[in-house]
Amino acid sequence: MRAQNSARRLASPYDTIRYPIYRNKRLNLKKKVQPPLANFYSLFNFNMLVLFETSAGYAVFKLLDEKKLKETQNLYADFESPEKAAKVLKLISFEKFDDTTQALAAATATVEGKISKPLKKLLKRLVNPDVQEQL
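Position 84 (the sequence shown) corresponds to 84 in full-length UniProt numbering; numbering is contiguous.
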């Protein structure tokens with residue numbers, strides 16, 4: 001019976017991420033080991049995307065170079081003009097709201113911590129199918 005319980009615990013694909021040290025041994029559920037973010041990102045070969053919500057719709061940007069953000073002293077200065085922002089971000093997609101009702105519903109969903117239908121469709125369209133399988 002004990003072997004079946006440990007097999008159930010390993011059924012999730014995230015168990016190797018949550019418990020990298022204990023994956024070949026019996027899991028100690030009281031002590032959770034979180035992997036460093038660098039190891040987490042290396043599991044999914046993907047680029048960082050930035051979601052920006054405006055009153056007109058959702059804008060999704062691709063971060064061109066993460067090192068620029070890590071090395072910056074003044075983030076505001078890096079986004080002071082459109083030319084400077086274009087060196088850091090590239091617009092991938094813009095999903096326009098149909099009307100003000102949809103914009104208000106999206107803002108309400110964001111405040112409540114939920115994902116609106118247009119945002120969910122946009123993210124599903126943009127996420128790489130290989131990454132979806134790994135998630």
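In this text, a Cβ means the ideal position worked out from N, Cα and C, and glycines have one as well.
Go ahead and pull the three-state DSSP assignment for residue i.
i    : result
E80  : coil
K121 : helix
V88  : helix
K114 : coil
L126 : helix
L75  : helix
L69  : helix
F97  : coil
How big is the Cα-Cα spacing for residue i and residue j?
i    : j    : result
Q73  : K67  : 12 Å
L75  : L49  : 17 Å
L123 : F79  : 24 Å
K117 : A107 : 12 Å
L63  : P82  : 15 Å
K96  : G57  : 4 Å
K32  : T101 : In this predicted model, K32 has a pLDDT of only 48, less than 50, meaning its place in the structure is not dependable enough to derive any value.
K87  : L51  : 17 Å
S93  : V111 : 23 Å
K120 : L89  : 22 Å
A85  : A77  : 9 Å
V127 : L69  : 23 Å
K114 : A105 : 11 Å
Find the nearest neighbour of residue i within the set the options, judged by alpha-carbon distance.
i    : options            : result
R125 : T54, F52, A56, V60 : V60
A109 : L49, N47, E53      : E53
S55  : D98, V88, K87      : D98
Would you give the residue range spanned by the alpha helix (DSSP H) that residue i belongs to?
i    : result
A103 : 100-111
Please confirm whether residue i has its beta-carbon closer than 9 Å to some beta-carbon of chain D.
i   : result
A77 : Protein chain content of the structure displayed is limited to a single chain, and chain D is not contained in it.
What are the start and end residues of the beta strand (DSSP E) that includes residue i?
i   : result
F61 : 57-63
F52 : 49-53
Please find out if some non-hydrogen atom of the ligand MN comes closer than 8 Å to the beta-carbon of residue i.
i   : result
F97 : Summarising the ligand content, the structure contains no ligands, and the ligand MN is consequently not present.
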